[in-house]
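What follows is a single structure, written as structure tokens, with notes after it.
Number of protein chains: 4
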Amino acid sequence: MNDDRDAPTVRDVSDWWSTAISRVEPDVIELRGHPIQELIGSTSFVAVIWLLLRGQLPTPGQERLLEAALVSSVDHGPHAPSIAVARIAATCGIGLNNAVASAVNTLGDVHGGAGEQCLHLLGEVATRAGAGESVESAASSVVGRWRARSRYLPGYGHRFHTVDPRREPLLRRVQEAVDDGVVTGAYLRAAEAVEGELARGRSRPVPINVDGCTAVVYGELGFAPPLARGLFVLSRSVGILAHAWEETGQGRRNKGPMPPSIPPTFLS
Amino acid sequence: MNDDRDAPTVRDVSDWWSTAISRVEPDVIELRGHPIQELIGSTSFVAVIWLLLRGQLPTPGQERLLEAALVSSVDHGPHAPSIAVARIAATCGIGLNNAVASAVNTLGDVHGGAGEQCLHLLGEVATRAGAGESVESAASSVVGRWRARSRYLPGYGHRFHTVDPRREPLLRRVQEAVDDGVVTGAYLRAAEAVEGELARGRSRPVPINVDGCTAVVYGELGFAPPLARGLFVLSRSVGILAHAWEETGQGRRNKGPMPPSIPPTFLS
Amino acid sequence: MNDDRDAPTVRDVSDWWSTAISRVEPDVIELRGHPIQELIGSTSFVAVIWLLLRGQLPTPGQERLLEAALVSSVDHGPHAPSIAVARIAATCGIGLNNAVASAVNTLGDVHGGAGEQCLHLLGEVATRAGAGESVESAASSVVGRWRARSRYLPGYGHRFHTVDPRREPLLRRVQEAVDDGVVTGAYLRAAEAVEGELARGRSRPVPINVDGCTAVVYGELGFAPPLARGLFVLSRSVGILAHAWEETGQGRRNKGPMPPSIPPTFLS
Amino acid sequence: MNDDRDAPTVRDVSDWWSTAISRVEPDVIELRGHPIQELIGSTSFVAVIWLLLRGQLPTPGQERLLEAALVSSVDHGPHAPSIAVARIAATCGIGLNNAVASAVNTLGDVHGGAGEQCLHLLGEVATRAGAGESVESAASSVVGRWRARSRYLPGYGHRFHTVDPRREPLLRRVQEAVDDGVVTGAYLRAAEAVEGELARGRSRPVPINVDGCTAVVYGELGFAPPLARGLFVLSRSVGILAHAWEETGQGRRNKGPMPPSIPPTFLS
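Residue numbers (my numbering), protein chains in the order written: chain A, 1347 to 1614; chain B, 1347 to 1614; chain C, 1347 to 1614; chain D, 1347 to 1614.
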């Protein structure tokens, strides 16, 4: 190697990948500065999730709220697209990690990404309300602007349940965290204001759904919107894995979405 | 629909997908019989992982041991193939779930699957020892047979660390679980016997590595070998997500494995 | 099954998946109405690609132009993110299809998706020019609007090459197709007008790049913008497969992006 | 950078990724030594597929035979697991490349990988016959050994069709290639001998299926078994893309495998 200042150096190369998350050298593994041997057996999995994403360990109140959200989204049965893909893939002779990957891949803007988009929406409301505007007025403006773009308002509406069984436990935990001073309640108030805005002039309410509830949790906890999707991925991976494993044990090979006796319709 | 006995019926169709993991109907979500509203806020994420995979909630001792294993494998830095793929993918303008999926997909037989294969190996030793043979003799036979098939013995050897910092905390937690009567120790004894067999006649030992340690944990806890890989997937997904998110924030687009100033070698 | 009109019927089920692409029954496979036995050995792979996507076979001129675009994008070496991911994944003990999948997954908005976005842009210019506006004026308005949204204008600029070797052959084939009356030239003229707009007031031109050239081809051929990405996927899958296979033969396991002797930088 | 012989050098780094497939430098793209501008518009997509995988351009006879196999496997309708996954994924708000990736990921040992395994089997027969044994005797031994391992013999049997419409055109093209001296016929004879062996003592024959026919083609053309799967991936990606695109146009969101009116069965 010559001395030409334009020639690449080893330093140029070692800087190409840089991380604050972990330091790994022979006989050393540190996660955000914590030696891993001090975490194993003493720190919960949820606390380690927070640690890797945020840079420090969570407080007990933060950990509890994150845990509630992670538990809430683990599964929604074999008709959820992610679960269906996991089960179909599991019959094709690929590894469990591959079946999980095919399924996690489907958690996009429409299936799992709604929480991310709702967090954007609630963030806009909370930011305006934090700047002095009434939360009701903020909700009205923001909802108006989002509705002009699309008829689907992320986080609100009956997707499958009339009264989603995950809603009350999640929102109650948020209120408890507000009462305990763990979070401010800004996102909770924003979500309630949006729900109020959606109810105006309608006979049937448009309630917040689970994407909206988890968006409230992740917003209160200070996660950026894409991590609402990322955390939904960690949660749903549990159900995806369980279903892929269960399908493997049922013994069918190359399973399609329906029995072969019901062929798809041919559109001539 | 006619009465022809050969015609498919709606029953044929509804039986095509069947699960014991969850029951999802309008306003109802039950995970292994537990209403989800009773789990959110009261049950840990790790306990829910066990619940979905095994069918009932774990005992505190089982939960602690599973948690230790899940924490141990979350990350191994940007040179681990799964982490590298996550970071590269994250610069390509795809969703976080897609970057995670591309990375989880790499956790195959060689990267993450070694725990699954080690669990098969230890299971063979433990089964023979359980049938009356000495564990040392069982280890000797099984190791001999595995070595005839491949020079890589899963779960043993220096992959990167001379003394893996995850080893001692994991094996100590297993021993504590044995002392507490949570697990039998059959896999721990099998792993120690294999380590002893590998040391015979060598100047340098071939110690158990982290794949082997997690295999011991998962074997003691009664998980089938493919779930050793599945649980490694849930664990490593955390680091994968964190690294994909961090790379997104570093602002580069379309990042390759090295700086463009260092082109790949062309083999003419 | 009862007679309740609300009960699902087998018809509801068989309509759930409907396609005009293929009809598959015992002993019958028809692709867009063509029995497959009439296609095998008589119809080119590229013509079959067109057939499945568009519904009928292409003319020879259309097939030639599509083929040129597909050939142009097959590979860009091991530093392209998709190729890097394929090669890393191939060392992890997963199937070739899995390595290909992880890599194809990275062909997003920034790596492969630029052609899709450029086709949107050119389509806007071509539509306005088709409505009577001069193509130069249309280019000026559209470029102005796109530049307000992002500093990256898809399809234009030096990404790696100063003079991309794929540009001239692709644009020449488009001009030939215009001369032969196979395509109208609307997208070619739009692309040239955009290039002219970008050159105004600059000392250095901002030439159309390969994403832009393939966008011109796909636009002239009448493909919707997402299929610009889809066709890029079919093309790049060839290089992805070849590189994954080659890496498999090089014998390394669990390969990271750089040699272990160059650790990543830790940001403390 | 110091002179320590143990310190990594830039050379160590640039050798980490090495390829004979392509050379990419500013203004240069060569595929197996061919400048890409000489391939675009003059060389077929199938010939380029061969070029990248094999290192040189195919003869016309080789190209025709490869093309027949690639055309044969492009689609098998919405009940094929890969197609089902593509269509479900396409309703989830992810990119077309992501839907394709999730689907390609399912082309494992059981769905698409059967061609790879059949090529191994036929290769064993052809090798023994090439060493002097009669092909019938070779077939008998090899089939016996494979049947001892699994009841599924890859490449043979009624999977869906009684008379697969792809069989005759594929095998006829192989025979033509033998007659033209393009290939030797060793794999064709091996496949016929296996079919004969499977027929012995049975009332119903066990005919070669499409996995077996494509295995014959890829074996005659000299492709290694994993590339039988790789080439099936390139072929099936076409149908996967077409179905994902068509489903996108049908407007449903978050589609499961069946209508919601038919819930999955809960195994209590």
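Positions of the beta carbon are idealized from the N, C-alpha and C atoms, including for glycine. Please read all numbers here as calculations on a predicted model, not as lab measurements.
VAL1359 of chain B is a Cβ neighbour of ILE1608 of chain D, given a cutoff of 9 angstroms. Closer than 9 angstroms to the CB of CYS1559 of chain A there is not a single CB belonging to chain D.
Per DSSP, GLU1514 of chain B is not a residue of any beta strand (DSSP E); the alpha helix (DSSP H) it occupies stretches across 1513-1525.
The contact set of SER1364 of chain D on chain B, defined by CB atoms closer than 7 angstroms, consists of PRO1610, THR1611 and LEU1613 in chain order.
Its Cα nearest to that of VAL1420 of chain A, the residue B:SER1390 stands out among B:ARG1582, B:VAL1456, B:ASP1361 and B:SER1390.
Non-local beta-carbon contacts of ARG1598 of chain C in its own chain, meaning distances under 6 angstroms to residues more than five positions away in sequence, involve THR1437 in chain order. When CB distances to chain A are screened at a threshold of 7 angstroms, the residues of the stretch 1367-1397 of chain B falling below it are ILE1367, SER1368, VAL1370, PRO1372, ASP1373, VAL1374, ILE1375, LEU1377, PRO1381, ILE1382, GLN1383, LEU1385, ILE1386, GLY1387, THR1389, SER1390, PHE1391, VAL1392, VAL1394 and ILE1395, in chain order. For ALA1477 of chain B, the closest Cβ of chain C is not nearer than 9 angstroms.
The beta carbon of PHE1506 of chain B sits closer than 9 angstroms to some beta carbon of chain C. As the crow flies, the alpha-carbon of ASN1444 of chain A is around 14 angstroms from that of ALA1445 of chain B. Residues of the stretch 1568-1590 of chain A with a C-beta atom less than 7 angstroms from some C-beta of chain B are PRO1572, LEU1573, ARG1575, GLY1576, VAL1579, LEU1580, SER1583, VAL1584, GLY1585, LEU1587, ALA1588 and HIS1589, listed in chain order.
Shown in chain order are the members of the stretch 1440-1466 of chain D whose Cβ falls below 9 angstroms from a Cβ of chain B: ILE1440, GLY1441, ASN1443, ASN1444, ALA1447, SER1448 and ASN1451. Apart from sequence neighbours up to five positions away, the residues of its chain that approach ARG1513 of chain D with a beta-carbon distance below 8 angstroms are PRO1553, ILE1554, ASN1555, VAL1556 and CYS1559, ordered along the chain. Against chain B, a Cβ distance below 9 angstroms from PRO1427 of chain C picks out ILE1434, ALA1435, THR1437, CYS1438, ASN1600, LYS1601, GLY1602 and PRO1603. By the criterion of a C-beta distance shorter than 6 angstroms, SER1581 of chain B is surrounded in its chain by LEU1416, SER1419 and VAL1420, once the five residues flanking it on both sides are discounted. Interface flag for ALA1484 of chain A against chain B is unset, since no Cβ pair is found closer than 9 angstroms. Interface annotation, SER1419 of chain C: not in contact with chain A, CB-CB separation never under 9 angstroms.
For the 9 angstroms CB-CB criterion, ALA1588 of chain B and ILE1367 of chain A form a contact. Legend: CB atoms of the stretch 1506-1530 of chain A lying less than 7 angstroms from CB atoms of chain B belong to residues PHE1506, HIS1507, THR1508, VAL1509, PRO1511, ARG1512, GLU1514, PRO1515, LEU1516 and ARG1519. At a beta-carbon threshold of 7 angstroms, the residues of chain B lying near ASP1361 of chain D are THR1611, ordered along the chain. Under DSSP, THR1365 of chain B forms a beta bridge with D:PHE1612. With fewer than 16 other Cβ atoms inside 10 Å of its own Cβ, VAL1509 of chain A counts as exposed. Partner residues in the beta bridge of VAL1370 of chain D, as assigned by DSSP, are D:ILE1375. Taking CB atoms only, GLN1402 of chain D has no neighbour in chain C less than 9 angstroms away. The residues ASN1555, in chain order, have a CB closer than 7 angstroms to that of ARG1505 of chain B in the same chain once the five nearest residues on each side in sequence are set aside. The shortest CA-to-CA distance from GLY1439 of chain C to any of B:ILE1375, B:GLY1478 and B:GLN1463 is the one to B:GLN1463. Short of 6 angstroms from the beta carbon of GLU1543 of chain C, and not among the five residues preceding or following it, lie these beta carbons of its own chain, in chain order: ALA1485, SER1486 and VAL1489.
In this structure the stretch 1566-1582 of chain D touches the stretch 1527-1542 of chain D; the number of beta carbon pairs closer than 8 angstroms is three or more.
ALA1432 of chain B has its alpha-carbon roughly 26 angstroms from the corresponding atom of PHE1612 of chain B.
Our two residues, SER1448 of chain B and GLU1413 of chain B, have alpha carbons roughly 25 angstroms apart in a direct line. Interface flag for THR1594 of chain B against chain C is unset, since no Cβ pair is found closer than 9 angstroms. DSSP places PRO1571 of chain D in the helix class (H, G or I) of the three-state scheme.
In chain B, no part has a C-beta under 7 angstroms from the C-beta of VAL1489 of chain D; the shortest such distance is about 23 angstroms. Excluding sequence positions up to five before and after LEU1398 of chain D, its CB lies within less than 7 angstroms of the CB of ILE1367, LEU1377 and ARG1378, all in the same chain and listed in chain order. Proximity of chain A to VAL1431 of chain D at the Cβ level (cut-off 7 angstroms) is accounted for by VAL1431, ILE1434, ALA1435 and SER1448, in chain order.
Going by DSSP, CYS1464 of chain B is part of the alpha helix (DSSP H) stretching over 1460-1476.
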